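Worksheet for the structure shown next.
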Amino acid sequence: MVARAEAAQATASRVLDVALTLFSERPYVDVSLEAVASEAGVTKRTVLRRFGSKDALFGEAMQRAKTEMISHREAAPVGDVAGAVANVVGHYERWGTNRLRLLAQEDRIPLIAEHVQGGREWHWAWVERVFAPLLVGLRGAARKRRVAALVVLTDVYTWKLLRLDLGLSRGDTERTLVELVNKLEGES
Numbered sequence: 114m115v116a117r118a119e120a121a122q123a124t125a126s127r128v129l130d131v132a133l134t135l136f137s138e139r140p141y142v143d144v145s146l147e148a149v150a151s152e153a154g155v156t157k158r159t160v161l162r163r164f165g166s167k168d169a170l171f172g173e174a175m176q177r178a179k180t181e182m183i184s185h186r187e188a189a190p191v192g193d194v195a196g197a198v199a200n201v202v203g204h205y206e207r208w209g210t211n212r213l214r215l216l217a218q219e220d221r222i223p224l225i226a227e228h229v230q231g232g233r234e235w236h237w238a239w240v241e242r243v244f245a246p247l248l249v250g251l252r253g254a255a256r257k258r259r260v261a262a263l264v265v266l267t268d269v270y271t272w273k274l275l276r277l278d279l280g281l282s283r284g285d286t287e288r289t290l291v292e293l294v295n296k297l298e299g300e301s
């Protein structure tokens, strides 16, 4: 019984790994349960029996990714601008293209829109926590503007612009972001 349960868990984990890879590499509509099953070495029926539907499989795959992402991002040092920027850039180096692909689909697929909105809310809270020393003494609209600026500077689209579109190295991307964040300190 134990061996069977362990084998079933290993199969489910393998299916989730494949699903996460495929959902990261392709638009949602281009990922079929057949493709997931084939690459995981199981049948479509096995995938359906374990996950129930493509939406449910997507949800569990994204939950697995979310767990890894949050673990990484929570390690960002509070009050250390360079450390926080290195953390978020490292996150985008691993997950940036996946996040961009999801953002490009949010207007067409409600499940993705829900996932993306949760990510936006989480990122805002992360910025408030990690950059808390840069928010000291700010209230109301001034505080909201500062948080919004920090959200923009640490957003995946900013990473994309610097890293992918303009071709900056990872180090130069980090240095640029640190310089921009540090310029906010004297403003209110």
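My numbering applies: residue 114 is where the sequence shown begins, and numbers increase by one.
C-beta atoms are modelled at their ideal positions from N, C-alpha and C, and glycine is treated no differently.
Note that this is a predicted model, so its numbers are computed, not measured.
Taken atom to atom, the span from the alpha-carbon of alanine 150 to that of leucine 247 is near 48 Å. When secondary structure is reduced to three states using DSSP, serine 126 falls in the helix class. A direct Cα-to-Cα measurement between alanine 254 and proline 190 gives close to 26 Å. Two segments are said to touch when three or more pairs of C-beta atoms, one from each, lie closer than 8 Å; by this definition the region 206-218 touches the region 136-143.
A distance below 8 Å separates the beta carbons of tryptophan 239 and arginine 186.
Between tryptophan 235 and valine 264, the C-beta gap is not smaller than 8 Å, which leaves the two residues out of contact. Take glycine 192, set aside five residues on each side of it, and the residues of its chain with a beta-carbon closer than 6 Å to its own are Pro246, in chain order.
Look at alanine 116 here: in three-state DSSP terms it is helix. Measuring C-alpha to C-alpha distances from arginine 259 to each of Phe244, Trp272, Thr271 identifies Phe244 as the nearest.
Assigned with DSSP and collapsed to three states, glutamate 138 falls in helix.
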